[in-house]
Amino acid sequence: MPVRRSTPDAFETQKNKKRLSLAEAAAKIQNYCAYQERSHKEVKAKLFEYGLFGNQVDELLSQLIIDGFLNEQRFAKAYAGGKFRMKKWGRLKIKNELEFLGLTKNCIATGLKEIDEQAYHSALTTLLQKKQVGLQAEPIFKQRDKLARYAIGKGYEPDLVWQVLKEILPD
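What the sequence shown shows, in the working numbering, is residues 213 to 383, in sequence order.
What follows is the structure in structure tokens.
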């Protein structure tokens with residue numbers, strides 16, 4: 213699996229940016245966290261961009277957690293719910309992204325509980341039906357294959373995908 217880089221290296225960023233004082237960085241990072249829920253990894257990367265290192269970053273992260281600006285469970289719930297509602301991602305893709313962002317298994321489980329089972333099944337059915345409209349000219353076995361690959365690529369569980377496909381495209 214290829215390695216993803218979410219942010220540039222601290223050294224690359226420092227070449228072009230002015231270092232902020234601890235107080236300036238604290239004010240900026242509080243606004244950054246207040247705007248939307250953030251993961252610890254995102255906040256840490258942003259603090260490195262501001263020119264902070266080591267103990268300063270850890271100190272500021274601790275203060276953000278104490279002040280309620282940073283909460284991984286709250287972030288996991290918001291992230292999972294948002295990606296499901298807006299992008300129609302499945303649980304597997306959401307789980308992988310949350311793991312990439314460095315969240316604990318407990319936080320990930322909490323976030324995934326935000327997705328209602330009925331809504332999840334309904335979203336998958338709707339997603340496959342919309343995709344099938346563009347595949348009407350294809351033979352039924354090719355439609356099934358393309359629809360399954362599409363839904364699995366969106367992060368839905370293969371067993372559930374095949375179950376829904378049997379409902380949509382009966383033999």
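Even glycine gets a Cβ: it sits at the ideal position worked out from N, Cα and C.
Take the Cβ of residue i as the centre, count every other Cβ of all protein chains shown within 10 Å, and call the residue buried at 16 or more, exposed below.
| i | result |
| --- | --- |
| LYS342 | exposed |
| GLY302 | buried |
| PHE296 | buried |
| LEU234 | exposed |
| GLY323 | buried |
Considering just the uninterrupted stretch of the alpha helix (DSSP H) at residue i, what are its terminal residues?
| i | result |
| --- | --- |
| TRP374 | 370–380 |
In this structure, how does DSSP classify residue i when only helix, strand and coil are distinguished?
| i | result |
| --- | --- |
| GLY346 | coil |
| THR337 | helix |
| THR225 | Model confidence at THR225 stands at a pLDDT of 47, short of 50, so the residue's coordinates are unreliable and nothing is read from them. |
| THR316 | coil |
| GLU249 | coil |
| ILE352 | helix |
Quick check: residue i and residue j, are their CB atoms within less than 9 angstroms of each other?
| i | j | result |
| --- | --- | --- |
| HIS333 | LEU372 | yes |
| VAL269 | LEU282 | no |
| LEU336 | ALA292 | no |
| LEU310 | ILE320 | yes |
Whole angstroms are fine: how far does the CA of residue j sit from the CA of residue i?
| i | j | result |
| --- | --- | --- |
| ASP357 | LEU381 | 11 angstroms |
| GLN275 | PHE287 | 17 angstroms |
| GLU350 | GLU249 | 43 angstroms |
| LYS299 | GLU271 | 35 angstroms |
| GLU261 | TYR368 | 35 angstroms |
Quick check: is the beta carbon of residue i nearer than 9 angstroms to any beta carbon in chain C?
| i | result |
| --- | --- |
| MET298 | Among the protein chains of the structure shown there is no chain C, as only one such chain exists. |
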